[in-house]
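As they're listed, the protein sequences go chains A and B.
For the first sequence, my numbering begins at -6 and goes up steadily by one.
For the second sequence, my numbering begins at 11 and goes up steadily by one.
We put the CB at the ideal spot given by N, CA and C, even for glycine.
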Amino acid sequence: MHADGPLTESTELRMDQLTTESAAAPAADTAAVFTTQGLEVYYGDFRAVRDVDLTIRQHEITAFIGPSGCGKTTVLRCFNRMNDLIDTARVKGSIRYHGVDLYDPQVNAVEVRRRIGMVFQKPNPFPKSIYDNVAYGPRLAGIKKRTELDAVVERSLHGAALWDEVKGRLKASGLSLSGGQQQRLCIARAIAVEPEVILMDEPCSALDPIATARIEDLMQEIKQQYTIVIVTHNMQQAARVSDRTAFFTTEVNPESDRRTGRMVEFGRTSKMFSKPDDERTEQYVTGRFG
Amino acid sequence: MAVTMNTRASTQAAVRGGLVSGKRDVKGILFASATLACLLLALLMLVLLMWEVVSQAIPVFDRRGFSFLTGELGSNPDEVGVSQGLWGSLIIAVFVIGLSFPIGIAAGVYLEEYAKPTRFTRFIQLNIRNLAGIPSVVYGILGLVVFVQGIKFFTGGRSIIAAGITLAILVLPIIIITTTEAIRAVPAGLREAGMGVGATRWESTRDHVLPYAAPGILTGTMLAIARALGEAAPLILIGAITGALRSAPGQGLVDKLQGKFTAMPIVIYGWSNEVNKPGKETGLTFTDLTSAAIVVLLVMVLLLNVAAILLRNRFEKGRQG
């Protein structure tokens, strides 16, 4: 699928325009993992975000961009029911994971989170050893044999490009690592339970440019095995790493005078950053507001 | 060259003049001195108190030695000792540790981790705070009515069981409040990290929230034990013995727990009311014995605190990973 290599934006665009209903489209759509329809999230009576209609596809990186307060993190946290931890949060509309309604009362949020991992804005390793950080999820899932755990830990740390830096000190505290290493440890912890999807909530906002570049490279590597959704404040980052982009903005509700987030446009990143359909998207990506 | 050197030197002089002069912060110095004076005053009071008590207590330990710890209540200052008070206070500590620690910590966990933040929950939390402020005599009346008279078949009436349960309930609000506060201080990221890899609410509480909150919870339990060991008023209402307390030989543990009792604060209270006549052999008065009993109680609380601090340090090390 990706064998044809990284297409430049212009070729991809031209091909999009030229091929009408052809099979020669640059990258055929992969299977849908999440589909949302008319998704709205409320905190109590306050509608935090609305109009979220998007499809997240397998082995792609989908970026959520938009100004502060537009609800992108709120939407991200619906995908693994992390919003359940906030007592007042409610969801309207549908959000389907392989066709299954995630908010069906029979769906177990714990099972959802085992399949859909998360990396948070601030690196948050457990105050435990590097080994125990990575082994925590697998242990919960019932892996008890030391040899098996050792293998999972090594594989996950390799996967997060951290193994070479920490292999000699797996017993050291996860908190003794640098910020960028901590965030990669959190990625290792997330992939240790072999999720299908990894949600990343501004994973680089607390990191310096070098650590950021490492995480971005890592995302490109692991997207072969996982589906990634990333929230970012950094438009260049979205442009660099993502296959598709959803743009959110805030608008003031004239009745209540409160700001509500709203998804404006969703499409291929190349198109969103060069020829978006919506004027607001264009203004945002060209830096004229936000 | 010389000119630039000169200008550089003059600039330096001018900057230095601006930096070193300026108004002294007189109000700040006054404020700092005032706070220091208050601290010293508080310390002075403590030192005076300790001096007064310890200096009177030293002759007692000197002349009576170990027999002061093993002796029983009575009227002869040459023979009496604190053994029954120590035993009573120890049992009270056991009741507090065995009853109010698990119940209080569990209640705190429920309020913070499970209870939905409804108006009812807030009402309950407010009332727990109020309970912590209720005078201890009121708990004594509760103990008298409910535990001494109400469930006499179990407590045996005016017994150490009734006293232990009463004091355990007295300190329950302290433990609940410190537990909820310690849990509230747990970073949200820690809980989310656990649940993000598929931990249930219970697993995340067990593996992350409670270990992180443990030092704070321990501080609360420390305060609670010190409070329970120092309370006299509820024990007086429940009917602790201040005069002679003869322990019958061959008593079983149950008989002992259900029988007449005393505790360290009651021993101190009782002796401070005794006739102040020096003993024939040792020359010690009940005033001296009172001071010695106070020292024994202080050491007991101190030992429990040291144990709690050691435990807390271990948990805090765990927090750093």
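Exercise for the section: Within 10 angstroms of the Cβ of A:S61, are there 16 or more other Cβ atoms? Answer buried if so, exposed if not. Expected result: exposed
Practice task
Using alpha carbons as the reference points, say which of A:M75, A:Q30, A:S235 and A:K65 lies closest to A:G92.
Solution key: A:Q30
Practice task
Assuming A:R177 and A:A154 form a contact by the criterion Cβ under 8 Å, report the distance between their Cβ atoms to the nearest whole angstrom.
Solution key: 6 Å
Practice task
Anything in chain B within Cβ reach of A:G173, meaning under 8 Å, just list it in chain order.
Solution key: None at all; the shortest Cβ gap to chain B is about 17 Å.
Exercise for the section: Output the residue ranges of the beta strand (DSSP E) runs that lie fully inside the stretch 37 to 94 of chain A and measure 3 residues or longer, sorted by chain position. Expected result: 39 to 45, 48 to 50, 54 to 58 and 82 to 90
Exercise for the section: Could you pull out every residue in the same chain whose Cβ sits closer than 8 Å to the Cβ of A:A134, ignoring the five residues on either side in sequence? Expected result: R107 and V186
Practice task
Return the CA-CA distance between A:A18 and A:R261, expressed in angstroms with no decimal places.
Solution key: Annotation note: pLDDT 45 at A:A18 (below 50); position unreliable, coordinate value reported separately. If you take the alpha carbons of A:A18 and A:R261, they lie about 13 Å apart.
Problem - CB of A:F72 within 9 Å of CB of A:V190, strictly - result: yes
Problem - Contacts of A:R163 in chain B (Cβ-Cβ under 9 Å) - result: The amino acid at residue 163 of chain A is misidentified as Arg; the sequence shows Leu. None at all; the shortest Cβ gap to chain B is about 12 Å.
Handout entry: B:P127 versus A:D94: straight-line alpha-carbon distance, rounded
Key = 27 Å
Problem - Segment limits, beta strand (DSSP E) that includes B:E191 - result: Note, B:E191: premise wrong, no beta strand (DSSP E); alpha helix (DSSP H) at I170 to R194.
Exercise for the section: Determine, using beta carbons only, whether B:Y120 comes closer than 9 Å to chain A. Expected result: no
Exercise for the section: Establish whether the CB of B:M55 and some CB of chain A are separated by less than 9 Å. Expected result: no
Practice task
Select from B:I186, B:L53, B:I68 and B:L59 the residue whose C-alpha is nearest the C-alpha of B:L228.
Solution key: B:I186
Practice task
Below 6 Å CB to CB, which residues in the same chain sit around A:N117 once its five sequence neighbours on both sides are set aside?
Solution key: none
Exercise for the section: Buried or exposed for B:C48, please, with buried defined as at least 16 other CB atoms from any protein chain shown within 10 angstroms of its CB. Expected result: exposed
Practice task
Determine the DSSP secondary structure at A:T243, reduced to helix, strand or coil.
Solution key: strand
Practice task
Take B:G174 and list the residues in its own chain whose beta-carbon comes closer than 8 Å to its own, dropping the five residues that flank it on each side.
Solution key: I101, I102, V104, F105, V106 and L109
Exercise for the section: Please state whether DSSP places B:T21 in a helix, a strand or coil. Expected result: helix
Practice task
Could you tell me the distance, in whole angstroms, from the CA atom of B:K266 to the CA atom of B:L152?
Solution key: 23 Å
Problem - Proximal chain B residues relative to A:V186, where beta-carbon distance stays under 7 Å - result: V207 and G208
Problem - Any chain B beta carbon closer than 9 Å to A:D80 - result: yes
Practice task
Determine which residues of the stretch 99 to 130 of chain B have a Cβ less than 7 Å from any Cβ of chain A, and write them out in chain order.
Solution key: K126 and P127
Exercise for the section: Indicate whether B:Y149 and B:T176 have their beta-carbon atoms separated by less than 9 Å. Expected result: yes
Practice task
May I ask you to verify whether the stretch 238 to 246 of chain B touches the stretch 272 to 287 of chain B, counting CB pairs closer than 8 Å and requiring at least 3?
Solution key: yes
Practice task
Can you have a look at A:Y219 and say buried or exposed, based on whether 16 or more other CB atoms are within 10 angstroms of its CB?
Solution key: buried
Practice task
Using beta-carbon positions only, say whether A:T28 and A:D236 come within less than 9 Å of one another.
Solution key: no
Practice task
Taking all protein chains shown into account, decide if B:A19 is buried (16 or more other Cβ within 10 angstroms of its Cβ) or exposed.
Solution key: exposed
Handout entry: is_contact[B:A223, chain A] using C-beta, thresh 9 Å
Key = no
Handout entry: Residue span of the beta strand (DSSP E) that contains A:V112, given as start and end
Key = I109 to V112
Practice task
Could you name each continuous alpha helix (DSSP H) segment of 4 residues or more that falls completely within the stretch 56 to 91 of chain B, going from the start of the chain to the end?
Solution key: 77 to 80
Handout entry: Cβ-Cβ separation, B:F271 to B:G98 (assumed contact under 8 Å), whole Å
Key = 5 Å
Handout entry: Beta carbon of B:L233 nearer than 9 Å to that of B:I184
Key = yes
Practice task
Name, going along the chain, the residues of the stretch 98 to 110 of chain A whose beta-carbon falls closer than 7 Å to a beta-carbon of chain B.
Solution key: V103, R106, R107 and G110
Problem - CB contact below 9 Å: A:M75 versus chain B - result: yes
Problem - Interface flag, B:G226 vs chain A, CB-CB below 9 Å - result: no
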